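Quick note, the sequence shown lines up with residues 1 to 332 if you use UniProt numbering. Just so it is clear, CB atoms sit at the ideal spot from N, CA and C, and this is done for glycine as well. Everything numeric in this text was worked out from a predicted model, so none of it was measured. Below is one structure, written out as structure tokens, with a few remarks after it.
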Amino acid sequence: MNDSTVKAVLGEDGNLVVTSSSNGTTIWQSFDHPTHAILSGAKFVYNNLTKKNHKLTAWENSEDPSEGIYSVELGLDKSVRLTWNHSLEYYTSGVWNGRYFSNFTEMQVRYGLAYSFEYKSYENGAYFTYSLSNKALPFYVFMDTSGQMKITVWQAQTQDWIVVWTKPILECQVCGVCGAFSVCSENNVGLSICQCLSGFEQHYPKDWGLLDYSGGCLRRNSLQCGDKASFSKMLNIILSRISPSANALAIDSARKCELACLQNCSCSAYAYFTNGNSSGNSIQCSLWYGDLLNIVQLGDKGNDLYIRLAPSQDQLGSTVKESLCLAISIAD
Numbered sequence: 001m002n003d004s005t006v007k008a009v010l011g012e013d014g015n016l017v018v019t020s021s022s023n024g025t026t027i028w029q030s031f032d033h034p035t036h037a038i039l040s041g042a043k044f045v046y047n048n049l050t051k052k053n054h055k056l057t058a059w060e061n062s063e064d065p066s067e068g069i070y071s072v073e074l075g076l077d078k079s080v081r082l083t084w085n086h087s088l089e090y091y092t093s094g095v096w097n098g099r100y101f102s103n104f105t106e107m108q109v110r111y112g113l114a115y116s117f118e119y120k121s122y123e124n125g126a127y128f129t130y131s132l133s134n135k136a137l138p139f140y141v142f143m144d145t146s147g148q149m150k151i152t153v154w155q156a157q158t159q160d161w162i163v164v165w166t167k168p169i170l171e172c173q174v175c176g177v178c179g180a181f182s183v184c185s186e187n188n189v190g191l192s193i194c195q196c197l198s199g200f201e202q203h204y205p206k207d208w209g210l211l212d213y214s215g216g217c218l219r220r221n222s223l224q225c226g227d228k229a230s231f232s233k234m235l236n237i238i239l240s241r242i243s244p245s246a247n248a249l250a251i252d253s254a255r256k257c258e259l260a261c262l263q264n265c266s267c268s269a270y271a272y273f274t275n276g277n278s279s280g281n282s283i284q285c286s287l288w289y290g291d292l293l294n295i296v297q298l299g300d301k302g303n304d305l306y307i308r309l310a311p312s313q314d315q316l317g318s319t320v321k322e323s324l325c326l327a328i329s330i331a332d
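And the structure:
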């Protein structure tokens, strides 16, 4: 880039604009290329012609600004979508009703007097933008490394940015936040929200120190194919979503369900439970293969899950609720 032909100016709105020195034509501007944040006045765009849209993509971790696995983008249904690995939706804003998104009511209640929000649909796409009616309270929207969309406001007294709004509210609601074979709990007082399952260890300990748990956990001992394996019983779980999907079998005993898992070298876990529906209760055996994601520790309801371990590993139970990425409800 030749300094004699172009110039770059950072405006008071935070937009970095590169223009031609000869005719003033805008060559590039940062508002058209958002990274993890969108500033006041910028347009968050979906283009129906090119099928391309702006995305806010979280950093890899607090020290690495390269693209992470969490993004937020506009949907075609007048909503904002939070996605995992740029494809799987795990949270939505709800539909725009002319004043705010239906799941983001705080936008109107808490910020409506100070900030102006706008969503516009047009023939070739749509955009969302916001502006400050009270410039004494600057704020910006960003996608955090936790997979949560947040609003942060500048506090003049403390000279610091303070997070005042977060969606989803609970970090354990974020798909894949703890990675594979790790339990997420909002009640881990004094500990990280993610803990490896019994028989597993952190895959990337350095990343865990940076609060990036997405690498998950690894087995301490490799599984052996055949019936030489043990199972760790995890109590009170609700398996509402899983990836890959569970394989449901017509099996009439817990022991037969266990044997079905042992006979498949790819089986990672099984559950044998009563499945209630409109036609009554039925017994179900479900097998899961590959990595288990989003095991969330909540209340005392649900079913038992049996995690397959190498035979030398201890069988330790814990109370969890499991929620994995693709919807498949098996318990209330």
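| Asked | Found |
| --- | --- |
| Cα-Cα separation, M107 to T152 | 13 angstroms |
| Where R81 sits in the DSSP three-state scheme | strand |
| Selection from D32, F200, Y130 that minimises the alpha carbon distance to L292 | F200 |
| Runs of beta strand (DSSP E) wholly within the segment 107-188 (minimum 3 residues, chain order) | 115-122, 125-132, 139-143, 149-155, 160-167, 182-185 |
| Bridge partner(s) assigned by DSSP for Y100 | In DSSP, Y100 forms no bridge with anything. |
| Inside the segment 12-86 only - alpha helix (DSSP H) runs reaching at least 4 residues | none |
| Member of W96, C265, H86 whose CA lies at the smallest distance from the CA of T57 | H86 |
| Inter-stretch contact (C-beta, 8 angstroms, three-pair minimum) for the segment 281-290 and the segment 258-266 | yes |
| Distance CB(L10)-CB(Q29) smaller than 8 angstroms | no |
| Cβ contact (3+ pairs, closer than 8 angstroms) linking the segment 216-229 and the segment 167-184 | yes |
| Buried or exposed (CB count within 10 angstroms, at least 16 for buried), C265 | exposed |
| heavy atom of the ligand SAM below 7 angstroms from F44 C-beta | The ligand SAM is absent from the structure shown, which contains no ligands of any kind. |
| Contact under 8 angstroms by Cβ, M149 with K167 | yes |
| Exposure of T145, with buried meaning 16 or more beta-carbon neighbours within 10 Å | buried |
| For N247, the residue or residues it bridges with in DSSP | L287 |
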